[in-house]
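So the sequence lines, in the order shown, correspond to chains A and B.
In terms of our numbering, the first sequence is residues 68 to 181.
In terms of our numbering, the second sequence is residues -19 to 95.
Using N, Cα and C, we set each Cβ at its ideal position, and we do this for glycine too.
Reading through the structure tokens given below for one structure.
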Amino acid sequence: EDQVTQSPEALRLQEGESSSLNCSYTVSGLRGLFWYRQDPGKGPEFLFTLYSAGEEKEKERLKATLTKKESFLHITAPKPEDSATYLCAVLPPFSSGSARQLTFGSGTQLTVLP
Amino acid sequence: EAQVTQNPRYLITVTGKKLTVTCSQNMNHEYMSWYRQDPGLGLRQIYYSMNVEVTDKGDVPEGYKVSRKEKRNFPLILESPSPNQTSLYFCASSNSPGWGVRGYTFGSGTRLTVV
């Protein structure tokens, strides 16, 4: 069974204190890894898609990277408005029994204090 | 504006009273899916649909039904709701099979309470 594990479950940072969130997965040959941001009571909002090991994507203070077994979401000099839950999801290969399903991790709840 | 629209946003109902949560997308997406989100369990897929009249079970389909009679609509039906179906529900769509670069587009969610 495909597993997606995010750590830490919760993270509190001071404004300006850079850190990284981790997403590890057991899927071999995944077709894509997605990062989403979710604000309380709202639907997840797309951030990045990564397709292959070594790939990096950036958007404002966020940078996502991908290796063969995990992905990191680096947050540089965060601001309070970056507070949210960050979700990662993997898309398994077509050969997988779960090929039609995006498998989500449980998320990291990030709080950035002013 | 490209979006997935769910209704209602909030719903409180009693055990056993049939209900339907509607979902509509205006992006001509083929793939639609329902997820429930519970604390500590993350997003779990209930049902998905690859296209009109094509639906299949996800990880937690028990107690739910779906239909896909039109491409844009994918309602979620709870024939006899129970308290363990109290959850936050999300509808999502995608332009499969490539999933596009964004994976899913999500609706705003429906918070269901069954008493």
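Handout entry: residue 120/A versus residue 173/A - alpha carbon distance
Key = By 1-based counting over the first sequence, the position of residue 120/A is 53. By 1-based counting over the first sequence, the position of residue 173/A is 106. Residue 120/A and residue 173/A: Cα-Cα distance of roughly 22 Å.
Handout entry: the stretch 125 to 143 of chain A touching the stretch 39 to 55 of chain B, judged by at least three CB pairs closer than 8 Å
Key = No, the stretch 125 to 143 of chain A does not touch the stretch 39 to 55 of chain B.
Practice task
Assuming residue 158/A and residue 98/A form a contact by the criterion Cβ under 8 Å, report the distance between their Cβ atoms to the nearest whole angstrom.
Solution key: Along the first sequence, read from residue 1 onward, the residue named residue 158/A stands at position 91. Along the first sequence, read from residue 1 onward, the residue named residue 98/A stands at position 31. Approximately 4 Å separates the beta-carbon atoms of residue 158/A and residue 98/A; this is inside 8 Å, confirming the contact.
Practice task
Could you confirm whether any beta carbon from chain B is found closer than 9 Å to the beta carbon of residue 133/A?
Solution key: By one-based count along the first sequence, residue 133/A stands at place 66. Taking Cβ atoms only, chain B never reaches closer than 9 Å to residue 133/A, which makes this a no.
Practice task
Quick one: grab the DSSP three-state call for residue 64/B.
Solution key: Locating residue 64/B in the second sequence gives position 84, where the first residue counts as 1. DSSP places residue 64/B in helix when its eight states are reduced to three.
Handout entry: Option in 181/A, 147/A and 152/A with minimal Cα separation from residue 23/B
Key = As a first step, residue 23/B is located in the second sequence; it is residue number 43 there, counting from the start. Among 181/A, 147/A and 152/A, the Cα nearest to that of residue 23/B is on 152/A.
Problem - Residues bridged to residue 135/A [DSSP beta-bridge criterion] - result: If you number the first sequence from 1, residue 135/A lands on position 68. Looking at the DSSP assignment, residue 135/A forms no beta bridge with any residue, so it has no partner.
Exercise for the section: Counting only the same chain and skipping the five closest in sequence on each side, list residues whose C-beta sits under 8 Å from that of residue 33/B. Expected result: Taking the first residue of the second sequence as 1, we reach residue 33/B at position 53. Around residue 33/B: 48 and 49.
Practice task
State whether the stretch 86 to 100 of chain A contacts the stretch 52 to 68 of chain B, with contact taken as three or more CB pairs (one from each stretch) at a distance under 8 Å.
Solution key: no
Exercise for the section: Would you list, in chain order, the members of the stretch 127 to 161 of chain A that have their beta-carbon closer than 8 Å to a beta-carbon of chain B? Expected result: Cβ contacts with chain B: 154, 156 and 158.
Practice task
Kindly list, in the order they appear in chain B, the residues whose Cβ is closer than 7 Å to that of residue 111/A.
Solution key: The residue given as residue 111/A occupies position 44 in the first sequence. Here the neighbours are 86.
Problem - According to DSSP, residues forming a beta bridge with residue 126/A - result: Position 59 of the first sequence, counted from the start, is the residue given in the question as residue 126/A. Answer is 129/A, bridged to residue 126/A.
Practice task
State the DSSP-derived secondary structure class of residue 148/A, mapped to helix, strand or coil.
Solution key: Against the first sequence, residue 148/A aligns to sequence position 81. Correct three-state label for residue 148/A: helix.
Practice task
Assign residue -8/B to buried or exposed, taking buried as 16 or more other Cβ atoms, counted over all protein chains shown, within 10 Å of its Cβ.
Solution key: Along the second sequence, one-based indexing puts residue -8/B at 12. Exposed, because fewer than 16 other Cβ atoms sit within 10 Å of the Cβ of residue -8/B.
Handout entry: Contact list for the stretch -10 to 8 of chain B against chain A, Cβ threshold 8 Å
Key = none
Exercise for the section: Could you tell me which chain B residues have their CB closer than 9 Å to the CB of residue 168/A, listed as they occur along the chain? Expected result: Looking up residue 168/A in the first sequence gives position 101. At a C-beta separation below 9 Å, residue 168/A has these neighbours in chain B: 13, 25, 28, 38 and 39.
Practice task
Verify the CB distance criterion: does residue 92/B have a CB-CB separation below 9 Å to chain A?
Solution key: Sequence index remark: in the second sequence, residue 92/B carries index 112 (1-based). No, residue 92/B lies away from the interface with chain A (no Cβ there is under 9 Å from its Cβ).
Exercise for the section: Could you give the DSSP three-state label for residue 20/B: helix, strand or coil? Expected result: Along the second sequence, one-based indexing puts residue 20/B at 40. Three-state result, residue 20/B: coil.
Practice task
Whole angstroms is fine: what's the gap from residue 19/B's alpha carbon to residue -1/B's?
Solution key: Taking the first residue of the second sequence as position 1, residue 19/B is located at position 39. Taking the first residue of the second sequence as position 1, residue -1/B is located at position 19. When rounded, the distance between both Cα atoms is 23 Å.
Practice task
Return no unless some Cβ of chain A is closer than 9 Å to the Cβ of residue 32/B.
Solution key: Residue 32/B sits at position 52 when you count from the first residue of the second sequence. Not an interface residue.
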